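Residue 145 is where the sequence shown starts when you use the working numbering, and the numbers rise one by one after that.
A virtual CB, placed ideally from N, CA and C, is assigned to each residue, including glycine.
Being a predicted model, the structure only gives us computed values, none of them experimental.
Structure, as structure tokens:
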Amino acid sequence: MESNERSEIHSELPKYPHCAIICGQTGCGKTEFVLDLLEKEYSGVFKHIVILCPTIQWNKAYKNREWIGDVRKPKTKNLIIVNPIVKEEEKLQELLRIATKELTKKKDMLSELAFSGRHAEQSVWVISQRYNSVLKDLREQTKWLCMFYTKDRDSFDNCLRENDVIPTLEERQRIKEELKKKKHRKLILKTDQPTDFWLLD
């Protein structure tokens, strides 16, 4: 991929508060991709960025970023990294108080953040191994997605069905085969109009 092609694609991604999902199996480069975006193209764009990632304690990608420091207390003040598996309900509640004064039940907290966060100028990017494991309410609010290769056929197919960006089944199958060929290859779906997609190395 040419560097000018990369910047052209990233200029197409929204620079206003939004939801995004980044999916792929362990070791595919999801976190590196997100941190590169935050460090470069999205540097200084958002007031608040919330990353939900279940591997924050072990993922070396966070440790290699000087601007993050300790993932539990990042140096960058507008960045909050939450492990959704660990009971960090207080962090989510604090974020929701910024977005809305009324808290909903625990299972609805992420939905509320997905729907209301943008009004408080907050972006929610979810890093996950499986698209199907991301809350449907959040999936419906995304402006873009990044899919790395995953062995979970249902998750990949469901993502392409739900987001209807790639027009034909033949093209979807071709892209799936291309993702298998190279470890850090990724598919970016821009779901905000005008929709578009890119296959990147």
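| Item | Value |
| --- | --- |
| Closest Cα partner of residue 294 within the set 203, 181, 327 and 341 | 327 |
| Residue 266, DSSP secondary structure in three states | strand |
| Where the beta strand (DSSP E) through residue 175 begins and ends | First-last for residue 175: 174-183, but that is the alpha helix (DSSP H), not the beta strand (DSSP E). |
| Length at least 3, wholly inside the region 264-332: the beta strand (DSSP E) runs in chain order | 266-272 and 286-292 |
| Assigned secondary structure, residue 157 (DSSP; H/G/I helix, E/B strand, else coil) | coil |
| One or two residues paired with residue 334 in a DSSP bridge | 288 and 340 |
| Contacting residues, own chain, Cβ-Cβ under 6 Å from residue 300 (five flanking each side not counted) | 294 |
| Buried or exposed (CB count within 10 angstroms, at least 16 for buried), residue 329 | buried |
| Beta-carbon spacing of residue 292, residue 333 below 8 Å | no |
| Cβ-based neighbour list, residue 347, same chain, cut-off 7 Å, excluding 5 preceding and 5 following | It is not possible to answer for residue 347, since the shown part of the chain is limited to 145 through 345. |
| Distance CB(residue 289)-CB(residue 165) smaller than 8 Å | yes |
| Among 199, 209 and 172, the one whose alpha carbon lies nearest that of residue 112 | Residue 112 lies beyond the range of the chain shown here (145 to 345); nothing can be said about it. |
| Under 8 Å between C-beta atoms of residue 168 and residue 317 | no |
| Buried versus exposed, by CB contacts within 10 Å (16 or more), residue 246 | Caution applies to residue 246, whose pLDDT of 41 falls short of 50 and renders its modelled position unreliable; the value that the coordinates give is listed next. Exposed is the call here. |
| Bounding residues of the beta strand (DSSP E) (the contiguous stretch that carries residue 165) | 163-167 |
| Closest Cα partner of residue 302 within the set 260, 264, 320 and 276 | 276 |
| Residue 266 burial status per 10 Å Cβ neighbour count (16 or more: buried) | buried |
| CA-to-CA distance, residue 337 to residue 205, given in whole angstroms | 32 Å |
| Straight-line Cα distance separating residue 182 from residue 190 | 10 Å |
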